[in-house]
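Encoded as structure tokens, the structure appears first; notes follow it.
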Amino acid sequence: RGSADESVVRELMGLERSIFSVWFGWLRSRADGRGRFEAVLDRVESELGARGGPYFMGSELSLVDLLFLPFLERMSASLPYYKNLVI
51 RGSADESVVR ELMGLERSIF SVWFGWLRSR ADGRGRFEAV LDRVESELGA RGGPYFMGSE
111 LSLVDLLFLP FLERMSASLP YYKNLVI
């Protein structure tokens with residue numbers, strides 16, 4: 051039986067996979083996936099503030115932050131160029 055923190059970490063890791071999947075699918079597609087991407091990005095933003103931030107698990111850097119970091123950086127670099135969206 052896991053702790054409450056373990057449950058939150060698992061949920062956030064799933065969110066990381068969701069945003070990656072939506073971003074990469076939209077990036078490779080001619081279809082408009084902006085609304086879907088922005089909906090998942092809103093969830094990410096909400097989770098960042100849910101435990102007092104500035105990090106996903108609160109005031110200290112965690113594995114969750116390290117999982118999100120490279121993909122959020124890639125999103126912020128690729129989306130303005132390919133999809134005209136600044137995040």
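Just so we're aligned, residue 51 is where the sequence shown starts under this note's numbering, counting upward by one. Ideal Cβ positions, reconstructed from N, Cα and C, are used throughout, including at glycine.
Determine the direct distance from the alpha carbon of residue j to that of residue i, and round the result to whole angstroms.
i	j	result
residue 51	residue 68	In this prediction, residue 51 has a pLDDT of 49, which is less than 50 and means its spatial position is unreliable; what the coordinates show is noted afterwards. So the alpha carbons of these two residues sit roughly 25 Å apart.
residue 59	residue 88	22 Å
residue 114	residue 107	8 Å
residue 71	residue 99	22 Å
residue 79	residue 125	15 Å
Using a threshold of 8 Å, state whether the C-beta atoms of residue i and residue j are closer than that.
i	j	result
residue 97	residue 65	yes
residue 129	residue 122	no
By Cβ distance below 8 Å, which residues in the same chain neighbour residue i in space, the five residues on each side in sequence not counted?
i	result
residue 77	128, 129, 132 and 133
Check the DSSP bridge columns for residue i and list the partner residues they point to.
i	result
residue 105	108
Got a sec? Which residues, its chain only, sit under 6 Å from residue i by beta carbon, not counting five neighbours each side?
i	result
residue 111	105
Check whether the segment 75-84 touches the segment 103-114, taking contact to mean three or more Cβ pairs, one atom from each stretch, closer than 8 Å. In the pairwise beta carbon analysis, the segment 75-84 is classified as not touching the segment 103-114: fewer than three pairs are separated by under 8 Å.
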